[in-house]
Amino acid sequence: MPRCAWCGTDPLYIDYHDREWGVPTRDPQVLFEFLLLEAFQAGLSWITVLRKRERYRQVLFGFDAARLARMSDAEIDERMQDPGIIRNRRKLEAARSNARAWLQLEDPVGFIWSFVDGQPRINRFERLDQVPAVSPEAHAMSKGLKKAGFSFVGPTICYAYMQACGLVMDHLTDCERYAELARSG
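Numbered by our numbering, the letters in the sequence shown go through residues 12 to 196 in order.
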């Protein structure tokens, strides 16, 4: 199957590319999980986060925002000893504060999707070097999330988040997933 070149040959990356990346989701649990995972990715490669994703699900209460919002400093200290995750105190504290901010949103799904007017943006890129790292919508999302109390949500993180959750669809036009997702978008 022709794929976007960025996923390479790693089976985990291929599976993520083929099943998740760019697929529009309005599931609040999935949207919240990806928001946190993108924050953990800051400064690292996405494959690093994917390899640690299952452990994150275990130590971050299945990405249950209500439980994560109550995570104690002692629980953060405990997670800082876990080699199965990215041990960065600021990112763990941000996960907790982002859970609190998420719970304060009246309609988190509507809020997230408002940055693309509720509809996926279907891009038409032929080459990887055409895919942007940010967009005006990502800048707006970053600003909106920060105003709502989120952290580790700069425009680059927001654009990657938008790609992951299908708010924007950046599969290349020669990728097998492009035609399917462009039709469904």
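Built from N, CA and C at the ideal position, the CB exists for glycine as well.
This structure is a prediction, so every number in the text was calculated from the model and none was measured.
Under a three-way DSSP split, which group does residue i fall into?
i	result
V164	coil
T36	coil
Q69	helix
C15	coil
Q174	helix
A144	coil
A193	helix
A76	helix
I96	coil
C169	helix
R138	coil
R81	coil
Going along the chain, which residues of its own chain have a beta-carbon closer than 8 angstroms to the beta-carbon of residue i, five neighbours each way excluded?
i	result
V41	C176
P39	P119, V120
E104	I87
P13	D185, C186, E187
F72	R78, L79, M82
R37	V120, W124
In the DSSP assignment, what residue or residues form a beta bridge with residue i?
i	result
I133	M180
I'd like the span of the alpha helix (DSSP H) that includes residue i, first residue to last.
i	result
G155	147 to 158
D26	22 to 30
I198	Because the chain in this structure spans residues 12 to 196, residue 198 falls outside the shown range and cannot be described.
A53	Unbroken run through A53: none, as it is neither H nor E.
R111	100 to 115
D84	84 to 90
I'd like the list of long-range same chain contacts for residue i, defined as Cβ closer than 6 angstroms, with 5 residues on each side in sequence excluded.
i	result
R132	V179
Y24	C18, I58
C160	Reading off the sequence, residue 160 comes out as Gly, not Cys. Answer for G160: A112, listed in chain order.
If I measure Cβ to Cβ from residue i and keep anything under 7 angstroms in the same chain, skipping five residues before and after, which residues do I get?
i	result
A76	F43, A110, W113, L114
Y172	F45, L46, E49
H150	P166
H182	C15, G33, R188, Y189, L192
Would residue i pass as an interface residue toward chain C - the criterion being a Cβ-Cβ separation below 8 angstroms?
i	result
L61	Absence of chain C from the displayed structure is noted, only one protein chain being present.
contact_flag[the region 31 to 50, the region 164 to 177] where n(CB pairs < 8 angstroms) is 3 or more: yes
The region 88 to 100 / the region 59 to 71 touching (three or more Cβ pairs under 8 angstroms): yes
Inter-stretch contact at 8 angstroms, needing at least 3 Cβ pairs: the region 78 to 95 / the region 127 to 139: no
Touch test, the region 155 to 163 against the region 109 to 120, Cβ-Cβ under 8 angstroms, three pairs minimum: yes
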